[in-house]
Amino acid sequence: GDLYADVRITDLSLPLTKLPFTVGTVKIKNGFFKVPGMAKALNNIDLTSDFRGKDFDVTVNRLTCGKSVLKKAVLSVKGLESPRFNVVANMDRLDISDFRNDSEFRIGSMKKEGFLARTSGNMSLRVKELKTGKVQGNDLEINAFMTDRKINISELKLRMFEGEVDAKGMAD
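The numbering of the sequence shown is my numbering, which starts it at -10 and goes up by one.
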């Protein structure tokens, strides 16, 4: 694919304790990326990023991974020390097997002193067709927010088994 990058990054330190001050743009057309540990590669990436110092936006207008198809996703982030984000993603199809490999999937907890612990924001996901193992569903909607190292699911809806699932909850 094609990559265009004109970015200036300052105040970057590792391990990451805050987001670096970044100015510029990054564009990817028809890109390809293999994430280590992920079953299938990301293909057909159409991405635009706009970095404005303490704020940035990343828009993905197309991305495929196996049978999964992301139509559009927008991530907006404000702040460096305690970032506030908003992410909205719309998918035609999500097949969980496209992202799993044979090893166990595990999400570790966020360290209290890490910058992710100071991160907060809103998440919204819409999926027309969902496949997870042998279970299939339609019209998945998830709305959630993250604060204080917790993810609160304010709405989870899914049509499956000739009925509907409606759930709420929290991951700590």
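Think of the CB as a built atom: it goes at the ideal place given N, C-alpha and C, for glycine as much as any other residue.
These numbers come from a predicted model, not from an experiment.
Mind checking which residues open and close the beta strand (DSSP E) that includes residue i?
{"i": "leucine 31", "result": "31 to 42"}
{"i": "threonine 136", "result": "124 to 136"}
{"i": "lysine 120", "result": "109 to 121"}
{"i": "aspartate 176", "result": "Because the chain in this structure spans residues -10 to 161, residue 176 falls outside the shown range and cannot be described."}
{"i": "threonine 194", "result": "The shown model of the chain, from -10 to 161, leaves out residue 194, and the question about it has no answer."}
{"i": "leucine 64", "result": "57 to 67"}
{"i": "alanine 160", "result": "152 to 160"}
{"i": "serine 143", "result": "139 to 149"}
{"i": "glycine 13", "result": "10 to 22"}
Would you mind sorting residue i into buried or exposed? The rule is 16 or more other CB atoms within 10 Å of its CB.
{"i": "threonine 108", "result": "buried"}
{"i": "phenylalanine 45", "result": "buried"}
{"i": "phenylalanine 150", "result": "exposed"}
{"i": "leucine 52", "result": "buried"}
{"i": "methionine 49", "result": "The sequence given here places valine at residue 49; methionine does not occur at that position. Under this definition valine 49 is a buried residue."}
{"i": "phenylalanine 40", "result": "buried"}
{"i": "serine 57", "result": "buried"}
{"i": "isoleucine -2", "result": "exposed"}
{"i": "aspartate 84", "result": "buried"}
{"i": "leucine 119", "result": "buried"}
{"i": "alanine 133", "result": "buried"}
{"i": "leucine 5", "result": "exposed"}
{"i": "threonine 136", "result": "exposed"}
{"i": "methionine 112", "result": "buried"}
Indicate the three-state DSSP secondary structure (helix, strand or coil) for residue i in the structure shown.
{"i": "phenylalanine 45", "result": "strand"}
{"i": "alanine 106", "result": "helix"}
With a threshold of 6 Å on Cβ separation, who are the neighbours of residue i within its own chain once the five nearest residues in sequence on each side are excluded?
{"i": "arginine 89", "result": "Ala28"}
{"i": "cysteine 54", "result": "Lys29, Leu31, Asp87"}
{"i": "alanine 78", "result": "Ala62, Leu114"}
{"i": "alanine 156", "result": "Leu145"}
{"i": "serine 162", "result": "Any question about residue 162 goes unanswered here, given that the chain covers just -10 to 161."}
{"i": "glycine 20", "result": "Gly(-10), Ile34"}
Looking only at its own chain, which residues have a Cβ that is under 7 Å from the Cβ of residue i, when we skip the five neighbours before and after it?
{"i": "leucine 1", "result": "Pro9"}
Indicate whether at least one CB of chain D lies closer than 8 Å to the CB of residue i.
{"i": "leucine 31", "result": "Judged by its chain identifiers, the structure shown contains no chain D, having just a single protein chain."}
Below 8 Å CB to CB, which residues in the same chain sit around residue i once its five sequence neighbours on both sides are set aside?
{"i": "methionine 99", "result": "Leu105, Ala106, Arg138"}
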